[in-house]
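Report on the following structure.
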Amino acid sequence: MRILAVVPAYNEEACIASTITELCQVAPQVDYIIINDGSADRTLDICKERGFNYLNLPVNGGLSAGFRAGMRYAKEHGYDAVVQFDSDGQHRPEYIVPMAQAMVNEGANIVIASRFVTKARGNSPREIGSKLISWLIKTSTGQTITDPTSGMRMYDRSLIETYARSFDFSPEPDTISLL
């Protein structure tokens, strides 16, 4: 399975180098493309200096525009799966291969990494909102999603096609119920 990590980046000069270095060390079988989304800092310069793989969007279009550019790249280059991977180092590269295995084993179109597999959610407003979104997704789709606000998601080829065709929804929790 050819996997592409799409790494949207906006003003991430402080952490882009360490994030990509760790990704390449921990998951060398995974390709990546940084989507520099009109950064005003040195993010683009660092990508050039380090020889990183990147697409440069000259104007900031937000997460949706950057993600869509990454999906188009994945489609054009024949990838089987895309993992959305934050440029700030929050997402763990060691989860990418198990996510791909789960996708294959379960025949899933999307796999969402969960922060709540080993620890319970609390009761902060954000966590209560996450519980509500989980309930709405369960009600509308019948699927249990323990962490609908997780940004670390893997999409199969069919969803790469969907997002690459100017899909007007962002890669956010509300989109899951529409898929």
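Last residue of the sequence shown: number 178 in numbering that gives the first Met the number 0, and the count goes up by one each step with no gaps. All residues carry an ideal CB built from backbone N, CA and C; glycine is no exception.
Report task. Could you say which of V110, Q24, E11, M98 lies nearest to D36 if we only look at CA atoms? Result -> E11
Report task. Just tell me which of I19, M0, A13 has its CA closest to the CA of H90. Result -> I19
Query raised in the report: Should Q83 go down as buried or exposed, given a rule of 16 or more other Cβ atoms within 10 Å for buried?
Result: buried
Query raised in the report: Can you check whether the CB of A80 is closer than 8 angstroms to the CB of A107?
Result: No, the Cβ-Cβ distance between A107 and A80 is not below 8 angstroms.
Query raised in the report: Could you check where the beta strand (DSSP E) with M153 kicks off and where it finishes?
Result: 152-155
Query raised in the report: Is it the case that the Cβ atoms of V6 and I95 are separated by a distance below 8 angstroms?
Result: By the CB criterion at 8 angstroms, V6 and I95 fall outside the cutoff.
Report task. Check Q28 in the structure and name its three-state DSSP category. Result -> Q28: coil per DSSP, three-state reduction.
Query raised in the report: Per DSSP, what kind of secondary structure is A39 in: helix, strand or coil?
Result: coil
Query raised in the report: Smallest Cα separation from R152: which of G61, T161, M102?
Result: M102
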